[in-house]
Amino acid sequence: MSNKTVLFDKHVEYKGKIVDFAGWQMPVNYGSQIDEHHQVRKDAGMFDVSHMVIVDLTADEKSADIKGLLQFLLANDVAKLTESGKALYSCMLNEQGGVIDDLIVYYMTDEWYRVVVNAGTREKDLAWINKHAAAFNVTVNERDELAMIAVQGPNARAKALTVLPLDVVEAAAPLKRFYGAACGDWFVGRTGYTGEDGFEIMLPDSKAAGLWDKLAGAGIKPCGLGARDTLRLEAGMNLYGSDMTEATSPLISGLGWTIAWMPEDRNFIGRSVIEKEKAAGVKQKIVGLILEERGVLRGHQKVIIDHDGAQLEGEITSGTFSPSLQKSIALARVPVEIGETCHVEIRGKLLKAGVVKPVFVRDGQAV
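Quick look at the structure:
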């Protein structure tokens, strides 16, 4: 049986079309996915992301070492986090260098870090973190009593600040991008998954429905998973399970920039494997594709590359029609030899596509 977030009744009330997503009953749209997409690009929209998993790592003993635990668990290095509230994006790898999950970690104090992981990977993530936390005397606390609402778009922050509690406003208003602030049981991060500015607001379940109505009243329209996917793909943001998996390393998933190789003596899980992969020369990479003919790019379609008289193959990992560009776009894992164009096999036909950097739209503008 699928789970329901605390906002499920609100989705029904606002006439959301409910679908199953990673074991959760979630709205795919509230009428028009295209309208919701443009709402976020041009103004402000909100998403229920309460199905995502909020985990607090705390030091309840003097011997606890949260920083050491996260330096071991993550490919990126939390030693970069020296200001309270600063956030870091990272992959968490297995011993083979594959991606267990991608996540955001906030440094609050030496005794408290907050981690937000994906809903579909909840059980394996918590098991993995707990497995290693004991050696560092770190307490792992899943905050399943908290809801999470993302408000995104050029006007999202300004509109949200008109309805948030005054003490939360004081904490949230001065936030720089990729920082978070706590205010009692509330937590606001200036983060998101759309390529637009905004907040991700974590708050007690009991306050979520009331905030949803207030945000709607402030002109922040409810948006579903459909628009969230087209927005994140336009922004070139990876989706776990599609653009990266336990079988793929960050190096071939467009996430090499998230790996902190220095200091050389930091031993994180999977390091030795991806070091060898890097030294041998990476054979694949993630690129952006823009279809130059009529058709729609979808995941798992074959990408054909002509190189020195030979045909090489890759695969689309995520594809969709871009409402902002009015063209079909995709992320694809392809041989590094790819040039400026390629072909995609769609229904038995080879259609031409341009190869671009894997970011299509950012802050409302075509890149």
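Basically our numbering = 1-based index in the sequence shown + 1447.
Positions of the beta carbon are idealized from the N, C-alpha and C atoms, including for glycine.
**Request:** Please state whether DSSP places PRO1621 in a helix, a strand or coil.
**Result:** In this structure, DSSP gives PRO1621 a state outside helix and strand, which the three-state scheme calls coil.
**Message:** Relative to the C-alpha of ALA1597, which candidate in GLU1589, GLY1639 and THR1556 has its C-alpha closest?
**Reply:** Among GLU1589, GLY1639 and THR1556, the Cα nearest to that of ALA1597 is on GLY1639.
**Prompt:** Can you tell which of ALA1779, GLN1758, TRP1708 and ARG1488 has the C-alpha that lies nearest to the C-alpha of GLY1600?
**Reply:** If we check each option's Cα against that of GLY1600, ARG1488 comes out closest.
**Item:** Local Cβ density within 10 Å of ASN1577, reported as buried at 16 or more and exposed below that
**Value:** When all chains shown are included, ASN1577 counts as exposed.
**Contact belief for ALA1779 with VAL1734 at Cβ below 8 angstroms, rounded distance in angstroms** = About 6 angstroms separates the CB atoms of ALA1779 and VAL1734; that is less than 8 angstroms, so the two are in contact.
**Host alpha helix (DSSP H) of LYS1509 (start-end)** = Premise fails: LYS1509 is in no alpha helix (DSSP H) and is neither H nor E.
**Asked** Hey, is the stretch 1758-1772 in contact with the stretch 1708-1722, meaning 3+ C-beta pairs nearer than 8 angstroms?
**Response** No, because fewer than three Cβ pairs between the stretch 1758-1772 and the stretch 1708-1722 fall closer than 8 angstroms, the two stretches do not touch.
**Message:** Rounding to the nearest angstrom, what Cα-Cα distance links ASP1652 and TRP1559 in this structure?
**Reply:** One C-alpha to the other measures close to 21 angstroms.
**For SER1480, the first and last residue of its enclosing alpha helix (DSSP H)** = Here residue 1480 turns out to be Gln, not Ser, going by the sequence shown. Per DSSP, GLN1480 belongs to the alpha helix (DSSP H) from 1480-1489.
**Request:** Output yes or no for whether 8 angstroms exceeds the beta carbon distance between ASN1523 and GLY1717.
**Result:** No; because the gap between Cβ atoms is not below 8 angstroms, this pair is not in contact.
**Request:** From the DSSP output, in three-state form, read off ALA1603 for me.
**Result:** Looking at ALA1603 - three-state DSSP - the assignment turns out to be helix.
**Asked** Looking only at its own chain, which residues have a Cβ that is under 7 angstroms from the Cβ of LEU1798, when we skip the five neighbours before and after it?
**Response** For LEU1798, same chain residues with a beta-carbon under 7 angstroms away, outside a window of 5 residues either side, are LEU1738, GLU1740, GLY1742, HIS1790 and VAL1791 in chain order.
**Prompt:** For HIS1458, which residues from the same chain have a beta carbon less than 6 angstroms from its beta carbon, with the 5 sequence-adjacent residues on both sides left out?
**Reply:** Excluding positions up to five away in sequence, the list reads PRO1474.
**Asked** Which residues bound the beta strand (DSSP E) around GLN1690?
**Response** It is Asp, not Gln, that sits at residue 1690 in the sequence shown. Per DSSP, ASP1690 belongs to no beta strand (DSSP E) and is neither H nor E.
**Buried or exposed (CB count within 10 angstroms, at least 16 for buried), PRO1805** = So PRO1805 counts as buried.
**Request:** Consult DSSP for ASP1755 and reduce its assignment to one of helix, strand or coil.
**Result:** DSSP places ASP1755 in coil when its eight states are reduced to three.
**Item:** Of the listed residues TYR1626, ALA1619, LYS1464 and ASP1644, nearest to GLY1492 (C-alpha basis)
**Value:** The candidate whose alpha carbon is nearest that of GLY1492 is ASP1644.
**Message:** Does ASP1524 come out as helix, strand or coil in the three-state DSSP assignment?
**Reply:** Three-state result, ASP1524: coil.
**Request:** From the DSSP output, in three-state form, read off HIS1747 for me.
**Result:** Looking at HIS1747 - three-state DSSP - the assignment turns out to be coil, as it is neither helix nor strand.
**Message:** So the candidates are ARG1809, SER1700 and LEU1680; which of them puts its Cα closest to the Cα of ALA1777?
**Reply:** Of ARG1809, SER1700 and LEU1680, the residue nearest in Cα terms is LEU1680.
**Item:** Nearest candidate by alpha-carbon position, reference GLY1801, set TYR1626, ARG1745, GLU1787 and VAL1564
**Value:** When only C-alpha atoms are compared, the closest one is GLU1787.
**Asked** Quick check: the stretch 1602-1618 against the stretch 1559-1573, are there 3 or more CB pairs under 8 angstroms?
**Response** The stretch 1602-1618 and the stretch 1559-1573 do not touch, with fewer than 3 CB-CB distances between them shorter than 8 angstroms.
**Request:** Determine contact between the stretch 1478-1488 and the stretch 1686-1694, defined as no fewer than three beta-carbon pairs at a distance below 8 angstroms.
**Result:** No, they do not touch.
**Prompt:** Taking the Cβ atom as the reference point for each residue, do ASN1561 and PHE1634 lie within a distance shorter than 8 angstroms?
**Reply:** Sequence inspection shows Arg at residue 1561; the Asn mentioned does not correspond to that position. Closer than 8 angstroms, so yes.
**Request:** Ignoring anything shorter than 3 residues or poking outside the stretch 1687-1738, list the beta strand (DSSP E) runs there in chain order.
**Result:** Runs found: 1731-1738.
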